[in-house]
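**Q** Structure provided below as structure tokens; questions to follow.
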Amino acid sequence: MRFYTSSHISTKVNQRTISTSRSTMASRLSLFVLLVASCSVAMASDPSPLQDFCVAAPKNRVLVNGEVCKDPNLVRADDFFFRGLHVMGDTSNVVGSNVTIVTVAELPGLNTFGISMTRIDFAPWGINPPHTHPRATEMLTVLEGSIEVGFVTSNPENRLITKGLHKGDVFVFPQGLVHFQRNVGNGYAVAIAALSSQNPGAITIANAVFGSNVDINVDILAKAFQVEKNVVYQIQSKF
């Protein structure tokens with residue numbers, strides 16, 4: 050039979066404690082690495098530039114997530130230039146607004162920079178109807194007039210967040226959430242918006258649901274909106 054002194058027991062306990070601590074530290078380090086990797090993926094949006102610029106070459110037929118780069122030796126100042134945001138858009142339409150967009154399609158120099166802009170003109174009491182930007186957060190600034198803005202949070206709460214804005218005010222619409230703007234004055238209103246993508250996309254809810262190509266089945270829409278089929282047909286006829 051072997052007998053252990055208190056010093057032997059203390060040494061073994063210390064060794065086990067050190068081993069456990071090392072194992073715990075390794076586990077925590079692995080978890081930290083996984084969290085960092087997850088965050089980097091979650092925070093990624095548009096591809097980041099790996100050079101000074103990557104002017105889009107839209108005529109290149111190679112399919113990539115973004116745009117193929119133009120030969121740097123062929124890049125000119127006009128690739129980074131757009132003229133037109135000073136021009137008032139035509140608001141003589143059913144919603145009373147006009148959106149002038151400046152994305153990578155209009156300004157090739159935006160490629161890989163993760164940003165774009167729009168100018169929104171409003172006729173008196175005109176609206177920019179409920180829509181989403183699937184790939185971008187939007188920050189809107191009022192240049193002229195007074196505008197009511199709002200967005201709706203995701204299911205199940207569907208909470209309406211709304212605010213009245215005046216000249217110089219700024220409001221942010223989170224990425225992917227349904228939002229809208231409305232001119233609440235008898236004069237024209239103008240806003241400029243910055244978006245966190247070179248190609249933010251826009252899905253106008255009414256157009257997508259009632260004006261899709263091909264039409265969504267009337268039975269589906271009637272049940273979804275809890276209305277009679279003839280109401281759906283009537284709305285679809287407007288798109």
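Be aware that the sequence shown starts at 50, since it is given in the working numbering, and climbs by one per residue. Glycine is no exception: its CB is placed at the ideal position from the N, C-alpha and C atoms.
Does the segment 178–195 come into contact with the segment 245–252, if we say contact requires no fewer than three beta-carbon pairs (one atom in each stretch) closer than 8 Å?
**A** The segment 178–195, when compared against the segment 245–252, does touch it at the 8 Å Cβ threshold.
**Q** Of the residues Val136, Asn142, Gly158, Leu159, which one's Cα is nearest the Cα of Thr149?
**A** Taking only the C-alpha atoms, the option nearest Thr149 is Val136.
**Q** What is the C-beta distance between Phe259 and Phe288, in whole angstroms, given that I count them as a contact (C-beta under 8 Å)?
**A** At roughly 5 Å, the Cβ-Cβ gap stays under 8 Å, so Phe259 and Phe288 are in contact.
**Q** Within 10 Å of its beta-carbon, does Lys119 have 16 or more other beta-carbons around it, so buried, or fewer, so exposed?
**A** Counting Cβ neighbours within 10 Å, Lys119 comes out buried, since at least 16 surround it.
**Q** Pop quiz: Pro173 and Tyr237 are said to be a contact at Cβ under 8 Å. What is the actual Cβ separation, rounded to whole angstroms?
**A** Rounded, the Cβ-Cβ distance is 7 Å, consistent with contact.
**Q** Since Phe171 and Thr140 are thought to touch, with beta carbons under 8 Å apart, how far apart are those beta carbons, to the nearest angstrom?
**A** At roughly 7 Å, the Cβ-Cβ gap stays under 8 Å, so Phe171 and Thr140 are in contact.
**Q** Should Gln275 go down as buried or exposed, given a rule of 16 or more other Cβ atoms within 10 Å for buried?
**A** That one is exposed.
**Q** Is DSSP giving Ala154 helix, strand or coil here?
**A** Of the three classes helix, strand and coil, the one that applies to Ala154 here is coil, per DSSP.
**Q** State buried or exposed for Leu214, treating a residue as buried only when at least 16 other CB atoms are found within 10 Å of its CB.
**A** The residue is buried, with at least 16 neighbouring Cβ atoms inside 10 Å.
**Q** Can you name, in chain order, every residue of its own chain whose Cβ lies under 7 Å from the Cβ of Glu155, other than the five neighbours on each side?
**A** Correct list, in chain order: Phe131.
**Q** Going by DSSP in three states, Lys119 sits in which element: helix, strand or coil?
**A** In this structure, Lys119 counts as coil in the three-state DSSP scheme.
**Q** Reducing DSSP to helix, strand and coil, say where Phe171 ends up.
**A** Residue state, collapsed to three classes: strand.
**Q** For the beta strand (DSSP E) containing Lys212, list its first residue and its last residue.
**A** Element bounds for Lys212: 209–214.
**Q** Who are the Cβ neighbours of Asn109 in its own chain at under 6 Å, not counting the five residues just before and after it?
**A** Taken in chain order, the residues that qualify are Val117.
**Q** Report the CB separation of Ile176 from Ser195 in whole angstroms; it is logged as a contact under 8 Å.
**A** Not quite, the Cβ-Cβ distance comes to about 13 Å (not below 8 Å), so this is no contact.
**Q** What are the boundary residues of the alpha helix (DSSP H) that includes Gln230?
**A** Element bounds for Gln230: not the alpha helix (DSSP H) but the beta strand (DSSP E), 228–232.
**Q** By how many angstroms is the C-alpha of Val191 removed from the C-alpha of Gly217?
**A** Distance between the alpha carbons of Gly217 and Val191 is about 5 Å.
**Q** Please classify Pro107: is it buried, with 16 or more other beta-carbons within 10 angstroms of its beta-carbon, or exposed?
**A** Exposed, because fewer than 16 other Cβ atoms sit within 10 Å of the Cβ of Pro107.
**Q** Return the chain-ordered list of same chain residues with a C-beta closer than 6 Å to the C-beta of Thr167, the five sequence neighbours on each side being excluded.
**A** Once the five neighbours on either side are set aside, the close Cβ partners of Thr167 are Val148, Ile150, Ala242.
**Q** What are the boundary residues of the beta strand (DSSP E) that Leu192 is part of?
**A** Element bounds for Leu192: 187–193.
**Q** Just curious, the alpha helix (DSSP H) that Ala257 is in, first and last residue?
**A** It spans 254–259 - the alpha helix (DSSP H) in which Ala257 sits, taken as one unbroken run.
**Q** In the DSSP output, which residue or residues are listed as bridge partners for His180?
**A** Partner(s): His228, Thr253.
**Q** Given a cut-off of 9 Å on the beta-carbon distance, is the pair Val219 and Ile210 in contact?
**A** Not a contact, by the Cβ cut-off of 9 Å.
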